[in-house]
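**Q**
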Amino acid sequence: MKQLYVLVLVLFICSTRLLAQNNDLLLARQYAANGEQQKALDIYQKLFKQDNDAYYQQYFTSLLTFKKFDEAESITKKMLRKYPGNNEYTIALGSVYTQQGNTAKADALYNDLIKNLPADQGAIANIASQFYQSANADYAIKIFLQGRKLLHNDNAFAFELITLYRYKRDKAALTEEYLTFLPTNPVFLSQAESTLATVYEGPADYDMLKVSLLKRIQKDPQQIVYTNLLTWQFLQQKEFDMALNQALALSRRQNDDGSNVFELCRTLVANEAYDAAIRGYEYIVSKGYKDNQNYISAKIELINTKNLKVTNGQYTQADLLGLEKDYTDLLNELGRGRGTVFAMQKLANLQTFKLHKLKDAQALLEAAIAIQGVRPALLAACKLDLGDVYLLNNQPWDASLLYSQVEKDNTATPIAQDAALRNAKLAYYTGDFDWARRQLNILKAATTQLIANDALNLSLLISDNLNADSAGKALKIYSRADLLIFAEQPAKAMLTLDSIDKKYPGNALEADILMAKARIMIQQKDFTNAVTILKEIVEKHAFDLWADDAVYMLGDIYETKLNDANQAKSYYQKIITDYPGSLWINDARKRFRLLRGDKNDAS
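Numbering (mature numbering (1 follows the signal peptide of the UniProt record, and there is no 0)), first residue to last: -20 to -1, 1 to 583.
1) Let me know the alpha helix (DSSP H) ranges lying completely inside the stretch 232 to 289, each 4 residues or longer, listed in chain order.
2) Which runs of the alpha helix (DSSP H) fall wholly inside the stretch 107 to 148 and span at least 4 residues, in chain order?
3) Consult DSSP for I197 and reduce its assignment to one of helix, strand or coil.
4) Tell me whether V354 sits in a helix, a strand or coil according to DSSP, three-state version.
5) Measure the alpha-carbon distance for R196 versus N509 and round it to whole angstroms.
6) Spatial neighbours of S(-6) within its chain, please: CB distance less than 6 Å, with the 5 preceding and 5 following residues excluded, ordered by chain position.
7) Determine, using beta carbons only, whether L401 and D368 come nearer to each other than 8 Å.
8) Tell me the residue span of the alpha helix (DSSP H) that contains L303.
9) By Cβ distance below 6 Å, which residues in the same chain neighbour V(-11) in space, the five residues on each side in sequence not counted?
10) With a Cβ-Cβ cutoff of 8 Å, do G74 and A86 count as a contact?
11) If we count the other Cβ atoms within 10 Å of its Cβ and call it buried at 16 or more, is G238 buried or exposed?
12) To the nearest angstrom, how far is the alpha carbon of Q226 from that of F220?
13) With C-beta atoms as the reference, is F532 less than 8 Å away from A568?
14) What is the C-beta distance between I465 and A491, in whole angstroms, given that I count them as a contact (C-beta under 8 Å)?
15) Hey, is N329's beta-carbon within less than 8 Å of any beta-carbon in chain C?
16) Tell me whether Y180 sits in a helix, a strand or coil according to DSSP, three-state version.
17) I'd like to know if the stretch 121 to 129 and the stretch 98 to 108 are in contact, where contact means that at least 3 CB-CB pairs between them fall below 8 Å.
18) Is DSSP giving K554 helix, strand or coil here?
19) Work out the CA separation of I500 and A527 for me, nearest whole Å.
20) With respect to the alpha helix (DSSP H) encompassing S562, which residues constitute its N-terminal and C-terminal limits?
21) Just tell me which of T540, N208, T476, S562 has its CA closest to the CA of D529.
22) Would you kindly work out how many angstroms separate the C-alpha atoms of V321 and L300, rounded to a whole number?
23) Can you name, in chain order, every residue of its own chain whose Cβ lies under 7 Å from the Cβ of Y269, other than the five neighbours on each side?
24) Between the stretch 328 to 347 and the stretch 371 to 379, do at least 3 Cβ pairs fall closer than 8 Å?
25) By a C-beta neighbour count over all protein chains shown, 10 Å radius and 16 as the cutoff for buried, is D100 buried or exposed?
26) Could you tell me which uninterrupted alpha helix (DSSP H) segments, each at least 4 residues in length, are contained entirely in the stretch 490 to 547, listed from first to last along the chain?
27) Alpha helix (DSSP H) containing T160: first to last residue?
28) Quick one: what's got a C-beta closer than 6 Å to N445's C-beta in the same chain, skipping five residues either side?
29) Of the residues G452, T391, Q397, which one's Cα is nearest the Cα of A411?
30) Determine contact between the stretch 379 to 389 and the stretch 359 to 367, defined as no fewer than three beta-carbon pairs at a distance below 8 Å.
31) Can you have a look at Y186 and say buried or exposed, based on whether 16 or more other CB atoms are within 10 angstroms of its CB?
32) What are the boundary residues of the alpha helix (DSSP H) that F333 is part of?
33) What number of angstroms, rounded off, separates the C-alpha of Q553 from the C-alpha of N96?
34) Starting from V386, trace the alpha helix (DSSP H) in both directions and tell me its first and last residue.
35) Return yes when the Cβ of A399 is within less than 8 Å of the Cβ of L423, no when it is not.
36) When you compare only the Cα positions, how much space is there between G182 and M188?
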């Protein structure tokens, strides 16, 4: 019983003392936060005297913070006498010397530690970690490198060194470390690419990588990971032909099915490197159908890429007819079934808007939607396209029925909203402005930003001009011009727009007509004249419906078509400062930051 009493008493005394120490520690932190340095130090000193081991780190850190270097040195030496050879206190003493400006004395301590480093992987990692925690990444790296020598293992501590080099932004060392690490760990290639992309700052860094890779490829030409990384390097530099050449060389050497080339071609298309992508797809197709799982996909994507190349640039009628023949040959080879409906859709789109073969396009789309088992989203897209053909072929009733069917079959989806918008536009094109406006007012709340934006602009256009002219006579001519722009008949559209002022001088459509003409110029790839017209809108109609659209379009044209980043930035900045309520504000902010070089905004 007496022993139990003594035990309880001891536990009570210890817990009371521990509680008092915790209270003192909280009080010291409060003093430090309030700038009462000496009071904080006095408490830390008292606690350290009570328990050296428990309160050394707090007292030591506080002494360094308040530049009490002599006292910090004194207590650290005391701990070293108590625990001779303890690396933690050796490193702490070195940090005191460093902060005093005596780096030679610190280096002597650290170098002695390196010289006596044990050949034990765990101990080496622990010592390096202590250096890193002391904000001394340089010596943490030296410890790991010496550790490799002691362990006779050049691959040891690779992850740790990669982390440290990245932290120090030592691009050369990080590059070499990855190039040593990847051959035995190829699954980390994507991680390496991502890391290097965040550290590299320009062409010189990528050139450094290229030089290192070429040296290693010379020594070890069979190392696939080096070739893949070199391909990635060329992509980052936008040297698309060189990137493809590397991928083709590797595919030929391995005699594979071209899967890597196929994936690269997708990236090339996304970067609008159409010629390189076409060459890549042609390589896969040339391997033939037998035992080539990529043959059909490559043949389809080859034609799609040719389509993008033709329609995104200046093209001739011969280019369009050649593309039509490619699609027709593909459908003749593979047949018209659910697996080729998408090709039928693309051919019909070409015939509708580029070749103006409305009857051919209508027949093709009617055949496509009659095919059983087509994916619902693709089927809906084909029906919407067929509705557009009906509209352009002067069959508005059939078009409206088809749009309504798609809306009903795809309730509460972006497809349904798209169908509803097309139906509203149909009413606008045919002069039924009141019905169009009612539908557009509903669509202003659409979840898809582009649909909501289109609905809002068209609703305001109708409202503004019906207020100025209750009969909407000028607006009816404008809507016909809008339909001609949609049909890609620019010459007829321009004549129709020019007729508005002649028939109805003083109408309220000046800014709208300018925007329509800008759209025609963009459609014809005449970006210089498009810029002139858009600037007129910005300067003369700064508070008009189309003002923020014109500013954003100028930024986009300068960035993506005229390659003038500074001008693009100025217009994106104008959206941010002058039109904070614009629906383009988020896109403008993101693109402005990317052009400014904010890497974290790439997402």
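Glycine included, each C-beta is placed from N, C-alpha and C at the ideal position. Note that the structure is predicted; figures quoted are calculated from it, not measured.
**A** Reading off the structure:
1) The qualifying runs are 239 to 250, 254 to 266.
2) Correct list: 117 to 131, 138 to 148.
3) Mapped onto the sequence shown, residue 197 falls at position 217. Here I197 sits in helix by DSSP.
4) Here residue 354 refers to the residue found at position 374 of the sequence shown. DSSP, reduced to helix, strand and coil, places V354 outside both helices and strands of the structure shown, so it counts as coil.
5) Position 216 of the sequence shown, counted from the first residue, corresponds to residue 196. Position 529 of the sequence shown, counted from the first residue, corresponds to residue 509. Using only the alpha carbons, I get a separation of about 51 Å.
6) Stepping through the sequence shown from its first residue, residue -6 is reached at position 15. Because the pLDDT at S(-6) is just 46, under 50, the model does not fix this residue reliably, and the point stays unresolved.
7) Residue mapping note: residue 401 aligns to position 421 of the sequence shown, counting from 1. Residue mapping note: residue 368 aligns to position 388 of the sequence shown, counting from 1. No, the Cβ-Cβ distance between L401 and D368 is not below 8 Å.
8) Translated into the one-based positions of the sequence shown, residue 303 becomes position 323. Per DSSP, the continuous alpha helix (DSSP H) segment holding L303 begins and ends at 297 to 314.
9) As a first step, residue -11 is located in the sequence shown; it is residue number 10 there, counting from the start. Only weak support is given to the placement of V(-11): the predicted model assigns it a pLDDT of 41, under 50, and the question is left unresolved by the model.
10) Locating residue 74 in the sequence shown gives position 94, where the first residue counts as 1. Locating residue 86 in the sequence shown gives position 106, where the first residue counts as 1. A contact, by the Cβ cut-off of 8 Å.
11) Against the sequence shown, residue 238 aligns to sequence position 258. With at least 16 other beta carbons inside 10 angstroms of its own, G238 counts as buried.
12) Residue mapping note: residue 226 aligns to position 246 of the sequence shown, counting from 1. Residue mapping note: residue 220 aligns to position 240 of the sequence shown, counting from 1. Taking the straight line joining both Cα atoms gives about 10 Å.
13) In the sequence shown, residue 532 corresponds to position 552, counting from 1. In the sequence shown, residue 568 corresponds to position 588, counting from 1. The identity of residue 532 in the sequence shown is Tyr, whereas the question assumes Phe. Judged by their CB atoms, Y532 and A568 are nearer to each other than the 8 Å cut-off.
14) Here residue 465 refers to the residue found at position 485 when the sequence shown is read from its first residue. Here residue 491 refers to the residue found at position 511 when the sequence shown is read from its first residue. Incorrect: roughly 16 Å between the Cβ atoms, too far for contact.
15) The chain inventory of the structure shown lacks chain C, comprising one protein chain alone.
16) Locating residue 180 in the sequence shown gives position 200, counting from the first residue. It is coil, neither helix nor strand.
17) With a cut-off of 8 Å, the stretch 98 to 108 and the stretch 121 to 129 count as touching, because enough Cβ pairs lie within range.
18) Mapped onto the sequence shown, residue 554 falls at position 574. Helix.
19) Start at 1 with the first residue of the sequence shown, and residue 527 comes out as number 547. Start at 1 with the first residue of the sequence shown, and residue 500 comes out as number 520. For the pair A527 and I500, the Cα-to-Cα distance works out to about 17 Å.
20) On the sequence shown, position 582 is the one that residue 562 refers to. Secondary structure note for S562: it is in no alpha helix (DSSP H), with a DSSP letter that is neither H nor E.
21) Your numbering for residue 529 matches position 549 in the sequence shown. Nearest of T540, N208, T476, S562 to D529, Cα basis: S562.
22) The residue given as residue 321 occupies position 341 in the sequence shown. The residue given as residue 300 occupies position 320 in the sequence shown. Distance between the alpha carbons of V321 and L300: 20 Å.
23) Residue mapping note: residue 269 aligns to position 289 of the sequence shown, counting from 1. Taking C-beta separations shorter than 7 Å and ignoring five residues to either side along the sequence, the partners of Y269 in its chain run Y275, following chain order.
24) The stretch 328 to 347 and the stretch 371 to 379 touch, with no fewer than 3 CB-CB distances between them shorter than 8 Å.
25) Taking the sequence shown and counting its residues from 1, one reaches residue 100 at position 120. D100 comes out exposed.
26) Taking 4 residues as the shortest admissible run, the stretch 490 to 547 contains the following complete alpha helix (DSSP H) segments, listed from N- to C-terminal end: 490 to 503, 507 to 520, 527 to 540.
27) Counting from 1 along the sequence shown, the entry for residue 160 is found at position 180. DSSP places T160 inside the alpha helix (DSSP H), whose first and last residues are 151 to 161.
28) Along the sequence shown, read from residue 1 onward, the residue named residue 445 stands at position 465. Contacts found: L455, A488.
29) Here the question's residue 411 lines up with position 431 in the sequence shown. Looking at the sequence provided, one finds Gly at residue 411 rather than Ala. The shortest Cα separation from G411 among G452, T391, Q397 belongs to G452.
30) Result yes; three or more Cβ-Cβ pairs closer than 8 Å.
31) Start at 1 with the first residue of the sequence shown, and residue 186 comes out as number 206. With 16 or more neighbouring CB atoms inside 10 Å of its own CB, Y186 falls in the buried class.
32) Residue 333 sits at position 353 when you count from the first residue of the sequence shown. Boundaries of the alpha helix (DSSP H) harbouring F333: 321 to 333, taken from the DSSP string.
33) Reading the sequence shown from its first residue, position 573 is the one you call residue 553. Reading the sequence shown from its first residue, position 116 is the one you call residue 96. In this structure, the straight-line span from the alpha carbon of Q553 to that of N96 is close to 59 Å.
34) As a first step, residue 386 must be located in the sequence shown, where it is residue number 406. Segment 376 to 389, the alpha helix (DSSP H) holding V386.
35) In the sequence shown, the residue the question calls residue 423 occupies position 443. In the sequence shown, the residue the question calls residue 399 occupies position 419. Contact flag unset, no.
36) Taking the sequence shown and counting its residues from 1, one reaches residue 182 at position 202. Taking the sequence shown and counting its residues from 1, one reaches residue 188 at position 208. Cα-Cα distance, rounded: 10 Å.
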